[in-house]
Structure formats: structure tokens, C-alpha cells
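>
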Amino acid sequence: MELDPDERAMLNGEEGPAKQVAMDLLIRYAEALDADRLISTDNVAGVPGAVNEFLENYYGGESTSHDEIFSRYDLDSDRVVDVPDTEAGATRLQGKVEPKHWDELGTDQKNAELDRISEEFAADHDVEVLKTCTPYHAGNLPSYGEHCAWMESSAVVFINSVLGARTNVEGRESTSAAMLTGKIPDWGLHRDENRYGTHRIEVDVPVDDIMNWGMLGYFVGKHIQEDIPVLIGDYGSPSRVEHKHFGASAATSGGIELYHVVGETPEAETEASAFGPNEPEDVYRYDKEARREVYDELNAVGDDRDIDFVMLGCPHYSIEQVREASRLLEGNELDEDVELWLFASRKVRDQAEQEGHADVIRAAGGKMMTDTCSSMSQAVPPETDVVALDSAKQVHYLPAIMDVEAWFGSTEDVIDAAISGSWDGERP
Amino acid sequence: MTDETIVLEGRPVVDGYIEAEAIVTDETISGWGGVDPEHGTIIEMRHDLHGESFTDKVLVFRGAKGSSGWSSVFHTTRLADTAPAAMIYEETTTKVALGAVVTRVPAVTDLDEDPTEIIDSGDLVAVDGDEGIVTITKRAGSGDGDVPE
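Protein chains in written order, with the numbering used here: chain D, 23 to 450; chain S, 1190 to 1338.
(1) Kindly list the residues whose CB is nearer than 7 Å to the CB of glutamine 400 of chain D, restricted to its own chain and excluding five residues on each side of it in sequence; keep chain order.
(2) Out of D/Ala44, D/Lys118 and D/Asp359, which one is the CA nearest neighbour of arginine 101 of chain D?
(3) Start and end of the alpha helix (DSSP H) containing valine 225 of chain D?
(4) Would you list the residues sitting across from methionine 255 of chain D in a DSSP beta bridge?
(5) Please confirm whether arginine 371 of chain D has its beta-carbon closer than 9 Å to some beta-carbon of chain S.
(6) Does the beta carbon of aspartate 1299 of chain S come closer than 9 Å to any beta carbon on chain D?
(7) Does isoleucine 1232 of chain S come within less than 9 Å of chain D when only Cβ atoms are used?
(8) Taking C-alpha atoms, which residue in D/Lys153, D/Arg94 and D/Ser85 lies nearest to glutamine 116 of chain D?
(9) Using the DSSP secondary-structure output, state which residues sit across from proline 207 of chain D in a beta bridge.
(10) Using only CA atoms, which one of S/Ala1209, S/Asp1215 and S/His1236 lies nearest to glycine 1222 of chain S?
(11) Using a Cβ cut-off of 9 Å (strictly closer), state whether glutamine 54 of chain D contacts chain S.
(12) From this set, S/Asp1309, S/His1264 and S/Asp1299, which residue's C-alpha is nearest lysine 1284 of chain S's C-alpha?
(13) Take tyrosine 281 of chain D and list the residues in its own chain whose beta-carbon comes closer than 6 Å to its own, dropping the five residues that flank it on each side.
(14) Count the other CB atoms within 10 Å of the CB of lysine 122 of chain D; is the residue buried (16 or more) or exposed (fewer)?
(15) Identify whether proline 1337 of chain S lies in helix, strand or coil by the three-state DSSP scheme.
(16) Report yes or no: is there a C-beta of chain C within less than 9 Å of the C-beta of leucine 1238 of chain S?
(17) I need the straight-line Cα distance from alanine 1253 of chain S to valine 227 of chain D, nearest angstrom please.
(18) Answer yes if the stretch 194-201 of chain D comes into contact with the stretch 91-106 of chain D, meaning at least three C-beta pairs across the two stretches below 8 Å, and no otherwise.
(19) Please report the Cβ distance between alanine 374 of chain D and valine 344 of chain D, rounded to the nearest whole angstrom; I am assuming they are in contact, meaning their Cβ atoms lie under 8 Å.
(20) Measuring only the C-alpha atoms, how far is phenylalanine 365 of chain D from isoleucine 1325 of chain S?
(21) For threonine 63 of chain D versus isoleucine 181 of chain D, is the C-beta distance shorter than 9 Å?
(22) Just the C-alpha distance for leucine 77 of chain D and isoleucine 139 of chain D, rounded to the nearest angstrom, thanks.
(23) Tell me the rounded alpha-carbon separation between valine 1203 of chain S and serine 165 of chain D.
(24) Assuming alanine 160 of chain D and valine 370 of chain D make a contact with CB atoms under 8 Å, what is their CB distance in whole Å?
(25) Look up proline 403 of chain D in the DSSP assignment and say whether it is helix, strand or coil.
(26) Out of D/Ala40, D/Leu253 and D/Pro106, which one is the CA nearest neighbour of proline 451 of chain D?
(27) Start and end of the alpha helix (DSSP H) containing histidine 338 of chain D?
(28) Alpha helix (DSSP H) containing isoleucine 1308 of chain S: first to last residue?
(29) Tell me whether the stretch 101-110 of chain D and the stretch 84-92 of chain D touch, counting them as touching only if at least three CB pairs, one residue from each stretch, are closer than 8 Å.
(30) What does glycine 1255 of chain S touch in chain D if you count any residue whose Cβ is under 8 Å from its own?
(31) Under 9 Å, CB to CB, which of the residues in the stretch 182-203 of chain D have a partner in chain S?
(32) Verify the contact flag: lysine 1327 of chain S, CB atom, against every heavy atom of the ligand FMN, threshold strictly below 8 Å.
(33) Which residues in chain D have a C-beta closer than 9 Å to the C-beta of histidine 1264 of chain S? List them in chain order.
(34) Near glutamate 355 of chain D, which residues of its chain fall below 8 Å by C-beta distance, leaving aside the five closest residues on each side in sequence?
(35) Can you give the beta carbon distance from serine 1310 of chain S to glycine 1255 of chain S, rounded, assuming they're within the 8 Å contact cut?
(36) Can you have a look at glycine 298 of chain D and say buried or exposed, based on whether 16 or more other CB atoms are within 10 angstroms of its CB?
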């Protein structure tokens, strides 16, 4: 591997032991990828120093310093180093603990406290604590062509595809090392030649809300897996929120990290520019039958129509989505046996408080939450057997994690179910 | 019946040498939400290894999918002593590469044939992560699509 002089200096320990072990990890990782070099980044999103009881106990219990956990786990180092402030611009993503309602989510005091300490550790090292899977709804919008190092598959696919920024799906260890060094392997989607489309998706049914974009994304991920789909057809002009649900689904049923929507996304002005030198390897058609198959798959673990719980905010809701939820809930009350939790970033939640939407949602019986979601925190209300969700990603994960039945539908379907207490979503 | 031996050559990912029984899937594996790291089992519903443990086995799989927590989940299997003995995968992504690095088990990829087609669950597999060589001893009856009991 070729190293620039600044990278070599870090590897040799000239910039201190933390950057040395971080560089060592990045090089092991780059070699595992077969990358030739590293590239500079000033926008890193990860979970530096996040700790739970398992990790704390593993590393020696309460006497463990946070530097020890960061060294041994985040940097995969065999020695403990003093952790300096982040070198690159850095964002702390979502976690497993709700900061205000942790008790209700079944988190014990110990883990709530550990989460608070982790957050302090990040803030003390100049990391922006956004605590969301949607930093792009909370002020971190990378620019076109900007090299980033982000975790969170739904955020990665969003900034690559919708903003034209460049990142692979990074992990906790690589982002923590990137924060300290400002470096990441120059591999995959950082490079022009790897950003062209590989498969053509012909969209033959109207796709015009988050439910339908979510289903289309699930279809695309399932068939294309890790490649780069190019969508063409009958989709109108997707909003940022629709893009978010499409990408989150495609990154769940498959490993989609970049997609192109002809005429809509920045690297797909035309079909020709989206494919560049590539010929489509395959063509898939998304028609009524395909849509019905996806719907049935996403509803395969729904049986009992008696709903106990509705979770909104996977990925974290934008302010537009909070507004829509508040409009649908206004003047209504949740069924007495149903709980509704809405997850958003702290910034979106604060805006919802200022604009009055949060009061409307609470007046109907819903709860405004931040930082996490049901899958991440492994939390649903007590006695929950059946949930209703407007997110294909959440319906993919939650039944496996919490052993519950789940229904998938539109935002309106799931809020209707929260009010009536029973599932009445329509099969398309 | 004499044991059949097959040698595949590929690219080393993580150093080390180990011999163990294989567990094979031609599907990708979802880490976070797809694996229970404290028990070393696949928990993704509808996965062909659903409910099975990879602990101390050579995990042969197509690649990684899903959440970016992939590396953390496999990193945690190392701490929980539930990690696979080695990893052999077909498709390189950042998730699987970083996951293999921090799991610190011998790992090989880019083999001259698709390992998920050549290796069956139950075969004895030697993984040489220094040289990128995989040696497979077929378990009698494991070929021809038979699933070993």
C-alpha cells in the first residue's frame, strides 16, 4: 500500500499513540479491501466510544476508563492510548438508549447512565452529538463529491445517491479511526469508476408515497443485492423523505449503497450518464405483481389484526413527516390498548415542539422520542404482540428482534390502526 | 470411501491458520439484527441458516448485507467467545472486510471458484490466511447437494 508522508508519520507514531493505532487499523482494513491508498475526509459519522454493560464488563467493569474501551474496541488496539479530540469533522449517530423515556423502554439505570457517559465522551472530543440515523435532517448535509466516512446504511445510501457525496458503508471501528486521522480507504464508492449503474429497474406502477418507495426499495435490494440500480419509469419526482425510505429498504433487503434515479439524482441526469461505460447486467421490472409480492413478504408476519403498538420514525422522521403524523392524529385519540412512539432526531423533535406538532401528537396519546428506535433499543411497550409500521426496514428487523407480529402499510394505515386499534391496511 | 480433497487459491484477508468444520450459506449475512453475537447464531428469519450456530466453525458465505453494525456484531462474537473459527466469503464489501479484521480470525476471499458452491456444511476446511489457500476435505456424502445430518 502507498502511504502519503502524513499517513506514514501517523503510522510511525509521530502524531502520538492514538493516531498510530488508528492508522494501523485503517491499514489492516485497507489491505483486507485490497485498496491501494487512503483518502482524506473531513466528515465522519459513527458511534465513537458508545458503551453498554456488556462492553464495560468485558473491559473490566466500573473501573474501566473510556479511553480503554475506545482503544481496545473502537480502534481494535491491544494497548490503551490517550484519546485526543477528533481531527476530522465528526458526528455521533443514533444509539440504543432514549435519553428521557429510557425507563419506559425497559433500559436499566446502569445502561442509561453508560449511554450518557458515552455521549459526554463524544462531546468532550469535539464530536457533534446529533444522535440520529438521519444527520441530513439535522444539519449535516455533505456536499456533492465530498468524501465522507459514514456508518448507518440508510444514511450512506442517502448521501451517496441523493446528495452525490461519496462514502462506503463504514463500521464503528473504521469511523472511529477516521475521526482521529481524517483518513479512510480509497476504495469502492470513493472512486469514479465504481459509481456507475449496473442494473436497470423499470418502474411500471406509480410510486408516490413512502410506503410505495419503501416497497420498491425492498424489491430492488432483494434482486440487486450490492450492485448499483438505475431506476427509470413511472415514479414522478421523489421527495427527500421518499428517497430516504427507498434507500433504507434497499439497504436492508440487499446491500445497496448507491442508486440512480434517471432525471432525479445528481449523477443520473440521463440514463447514459447513470450507466457511464457499463452495459446493464440485467433488467428487472417492478409492476403490479412485483409490488404485491413485496407487500405480501413485508406482511408475512402479520396475522392478528388487533394492534398493540405503532412505531413511527424508521429512519428518524423529518419535520415534514412529524407534521403529517400530527395532522392525522389531530382531534383523535389512540385506541386505549395501543401505544404510539414517534422517533426523530433531537433537532427535529425540538422543531416539532416549537411548531406545536409535538403537543398535538401527545394530546392524541402518542409519545415523542429521540436517539434510538424500537429495533435499536430492543424495546416495545409491555404486552406487545402485534405492531404496525410504515417502514419496510423496521418491519424487516423488529419481528426477528422482538418476536412480535407486524403489519406494514402507509403512514395513514398505521396511524388509522393506532386510532381504531385494528389493522385495516389495503393490499395493493 | 476415500476422502476427496480440493484446494482453492485466493487472496488473504486476515492472517492465521485453522482447520475446522464448515458451515455454508450461499446467501449474504446480515450482522446487526441478523446475528445474535452473544450466542453466535443466525437469527434472521427466512435465512437458510436460521437458528444455526457458526461458533468455532469455518463460516463460508456470500458476503455481508444490512446494517453498518456488521463489524461490531462480529467484533462482539470475538469478545463473547462465539466467533467463527475462520471466514471465507465470495464478495468483498467494507462490512465484511472490516468485520473480518476486527474478528481477528483467519479470512480468505477472491478464491478461484465460488466457495459457497464447492464447500458443503460439514466438510473439514483448512484456512490459510497468510497465503490465501483453502483446503477442503469433503465429508463422505456431503456432495451432490446432500445435507449432512
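Note that CB positions come from ideal geometry on N, CA and C, so glycine has one too.
Straight from the coordinates:
(1) Position 378 of the first sequence, counted from the start, is the residue given in the question as residue 400 of chain D. Excluding positions up to five away in sequence, the list reads Ile423 and Met424.
(2) The residue given as residue 101 of chain D occupies position 79 in the first sequence. Closest in alpha carbon position to arginine 101 of chain D, among D/Ala44, D/Lys118 and D/Asp359, is D/Ala44.
(3) As a first step, residue 225 of chain D must be located in the first sequence, where it is residue number 203. For valine 225 of chain D, there is no enclosing alpha helix (DSSP H); the residue is part of the beta strand (DSSP E) that begins and ends at 221-225.
(4) As a position in the first sequence, residue 255 of chain D is number 233, starting the count at 1. Before going further, note that residue 255 of chain D is glycine rather than methionine in the sequence given. Answer is D/Val225, bridged to glycine 255 of chain D.
(5) As a first step, residue 371 of chain D must be located in the first sequence, where it is residue number 349. Chain S places no beta carbon closer than 9 Å to that of arginine 371 of chain D, leaving this residue out of the contacts.
(6) Here residue 1299 of chain S refers to the residue found at position 110 when the second sequence is read from its first residue. Closer than 9 Å to the CB of aspartate 1299 of chain S there is at least one CB belonging to chain D.
(7) In the second sequence, residue 1232 of chain S corresponds to position 43, counting from 1. In terms of beta-carbon proximity, isoleucine 1232 of chain S lines the interface with chain D, with at least one pair separated by less than 9 Å.
(8) Within the first sequence, residue 116 of chain D is the residue found at index 94, counting from 1. Answer by Cα proximity: D/Lys153.
(9) As a working note, residue 207 of chain D is residue 185 in the first sequence. Paired residue(s): D/Leu60.
(10) Looking up residue 1222 of chain S in the second sequence gives position 33. Residue S/His1236 is the option with its Cα nearest to glycine 1222 of chain S.
(11) On the first sequence, residue 54 of chain D is found 32 positions in, with the first residue counted as 1. In the sequence as presented, glutamine is not what sits at residue 54 of chain D; that position holds alanine. By this cut-off, alanine 54 of chain D is an interface position.
(12) Position 95 of the second sequence, counted from the first residue, corresponds to residue 1284 of chain S. In this structure, S/His1264 is the residue among S/Asp1309, S/His1264 and S/Asp1299 with its C-alpha nearest to the C-alpha of lysine 1284 of chain S.
(13) Position 259 of the first sequence, counted from the first residue, corresponds to residue 281 of chain D. Its chain contains Ser183 and Pro251 as the residues whose beta carbon lies nearer than 6 Å to that of tyrosine 281 of chain D, once the 5 sequence neighbours on both sides are disregarded; these appear in chain order.
(14) In the first sequence, the residue the question calls residue 122 of chain D occupies position 100. With fewer than 16 other beta carbons inside 10 angstroms of its own, lysine 122 of chain D counts as exposed.
(15) As a position in the second sequence, residue 1337 of chain S is number 148, starting the count at 1. With a pLDDT of only 43 at proline 1337 of chain S, under the threshold of 50, the placement of this residue in the model should not be trusted, and no figure is reported.
(16) Reference to chain C is not applicable here, since the protein chains of this structure are D and S.
(17) Start at 1 with the first residue of the second sequence, and residue 1253 of chain S comes out as number 64. Start at 1 with the first residue of the first sequence, and residue 227 of chain D comes out as number 205. The straight-line gap from Cα to Cα measures roughly 31 Å.
(18) Yes, they touch.
(19) Counting from 1 along the first sequence, the entry for residue 374 of chain D is found at position 352. Counting from 1 along the first sequence, the entry for residue 344 of chain D is found at position 322. Going by Cβ atoms, the distance from alanine 374 of chain D to valine 344 of chain D rounds to 5 Å, so yes, they are a contact pair.
(20) Along the first sequence, read from residue 1 onward, the residue named residue 365 of chain D stands at position 343. Along the second sequence, read from residue 1 onward, the residue named residue 1325 of chain S stands at position 136. The alpha-carbon separation between phenylalanine 365 of chain D and isoleucine 1325 of chain S amounts to approximately 49 Å.
(21) Numbered from 1 along the first sequence, position 41 holds the residue referred to as residue 63 of chain D. Numbered from 1 along the first sequence, position 159 holds the residue referred to as residue 181 of chain D. It is not a contact, given that the beta carbons lie outside the stated cut-off.
(22) Within the first sequence, the letter at position 55 stands for residue 77 of chain D. Within the first sequence, the letter at position 117 stands for residue 139 of chain D. Taking the straight line from one Cα to the other gives about 13 Å.
(23) Counting from 1 along the second sequence, the entry for residue 1203 of chain S is found at position 14. Counting from 1 along the first sequence, the entry for residue 165 of chain D is found at position 143. In this model, valine 1203 of chain S and serine 165 of chain D are separated by some 35 Å (Cα to Cα).
(24) Your numbering for residue 160 of chain D matches position 138 in the first sequence. Your numbering for residue 370 of chain D matches position 348 in the first sequence. Indeed, because the Cβ distance is near 7 Å, the residues count as touching under 8 Å.
(25) Taking the first sequence and counting its residues from 1, one reaches residue 403 of chain D at position 381. Coil at proline 403 of chain D, not helix or strand.
(26) Because chain D in this structure spans residues 23 to 450, residue 451 of chain D falls outside the shown range and cannot be described.
(27) By 1-based counting over the first sequence, the position of residue 338 of chain D is 316. Premise fails: histidine 338 of chain D lies in the beta strand (DSSP E), 331-339, not in any alpha helix (DSSP H).
(28) Counting from 1 along the second sequence, the entry for residue 1308 of chain S is found at position 119. Taken as a continuous stretch (DSSP letters only), isoleucine 1308 of chain S belongs to no alpha helix (DSSP H), as it is neither H nor E.
(29) Contact annotation: the stretch 101-110 of chain D touches the stretch 84-92 of chain D, with at least three C-beta pairs closer than 8 Å.
(30) To locate residue 1255 of chain S, count along the second sequence from 1; it is residue 66. Chain order gives the chain D residues near glycine 1255 of chain S as Ser175, Ala273, Thr274 and Gly277, where near means a beta carbon separation below 8 Å.
(31) Of all residues in the stretch 182-203 of chain D, Asn190, Val191, Glu192, Gly193, Arg194, Glu195, Ser196 and Thr197 have a Cβ within less than 9 Å of some Cβ in chain S.
(32) Absence of the ligand FMN is noted for the structure shown, with no ligands found whatsoever.
(33) What you label residue 1264 of chain S is simply residue 75 of the second sequence in a count that begins at 1. By Cβ distance, chain D contributes Tyr95, Asp98, Gly193, Arg194 and Glu195.
(34) Taking the first sequence and counting its residues from 1, the one referred to as residue 355 of chain D is at position 333. Cβ neighbours of glutamate 355 of chain D beyond the five flanking positions: Ala386, Gly387 and Ile441.
(35) Within the second sequence, residue 1310 of chain S is the residue found at index 121, counting from 1. Within the second sequence, residue 1255 of chain S is the residue found at index 66, counting from 1. Taking C-beta atoms under 8 Å as the contact rule, serine 1310 of chain S and glycine 1255 of chain S fail to qualify, at a distance of about 22 Å.
(36) The residue given as residue 298 of chain D occupies position 276 in the first sequence. That one is exposed.
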